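Let me begin by presenting the structure, written as structure tokens, before commenting on it.
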Amino acid sequence: RHDKLVVDLALDLMINKASHRVVTEREMRRVDTQNQLASTDPVWVTVHTTAKSRRVYPDLLTIAPSGSRVVHEIELASKAHSRLVSLMLSHLDNEAVGSVRYYASNDARAGLERSAEEARTVAMSRNNRKALTVIGLPG
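In the numbering used here, the protein residues as written are 413 to 551.
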């Protein structure tokens with residue numbers, strides 16, 4: 413179901429944001445894997461720093477004609493609050509990212525809203541004023 417919703421969102425973005433480039437997770441991984449083999453820095457990844465650093469790729473990314481990047485994530489199930497806050501902050505702290513948008517199922521929405529509120533508070537304390545929004549699933 414998640415993959416179908418990502419495709420639906422990608423199509424919606426391609427129609428409604430025709431001037432924006434839509435980049436899929438698969439495209440991001442393909443480019444960054446080649447960079448990793450060539451020992452160059454990744455282009456798309458967000459480094460999620462927890463106990464050990466790991467690469468995190470959003471479900472989709474859009475790039476405006478200005479170059480501003482918007483991360484798009486679809487969440488269908490509830491996740492641990494601390495994990496969500498950490499992931500949200502990783503995206504917000506990424507200098508290449510302009511804003512972050514979560515699309516939530518009814519089951520996940522309340523938890524995502526709480527996590528987003530905490531992530532926004534922490535980001536603001538770091539003078540990071542990037543937008544982090546949570547909305548319902550498209551369609």
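Even glycine gets a Cβ: it sits at the ideal position worked out from N, Cα and C. All values reported here derive from a predicted model rather than from experimental measurement.
When the Cα atoms are used, what is the spatial distance from residue i to residue j?
i      : j      : result
SER517 : VAL419 : 16 angstroms
VAL497 : ARG481 : 20 angstroms
SER478 : HIS432 : 9 angstroms
VAL534 : ALA422 : 30 angstroms
GLU487 : VAL509 : 19 angstroms
LYS429 : TYR515 : 17 angstroms
SER490 : GLY523 : 7 angstroms
Let me know if residue i comes out buried or exposed under the rule of 16 or more other beta-carbons within 10 Å of its beta-carbon.
i      : result
ASN372 : Here the chain has residues from 413 to 551 only, and residue 372 is not among them.
HIS484 : buried
HIS493 : exposed
MET536 : exposed
ALA543 : exposed
Taking only three categories from DSSP, how would you classify residue i?
i      : result
SER527 : helix
LEU496 : helix
SER502 : helix
ALA543 : strand
ARG532 : helix
HIS414 : helix
SER537 : helix
LEU549 : coil
LEU473 : strand
GLU507 : coil
Give the single residue among the options whose Cα lies nearest to the Cα of residue i.
i      : options                           : result
ASP471 : SER490, ALA522 and GLU439         : GLU439
SER511 : ASP415, LEU425 and ILE475         : ILE475
ARG538 : LEU501, SER490 and LYS416         : LEU501
LEU504 : LEU549, ASN540, PRO550 and LEU425 : ASN540
ARG442 : MET426, ARG521 and TYR469         : TYR469
Are the C-beta of residue i and some C-beta of chain B separated by less than 8 angstroms?
i      : result
THR545 : In the displayed structure, chain B is absent; only one protein chain is listed.
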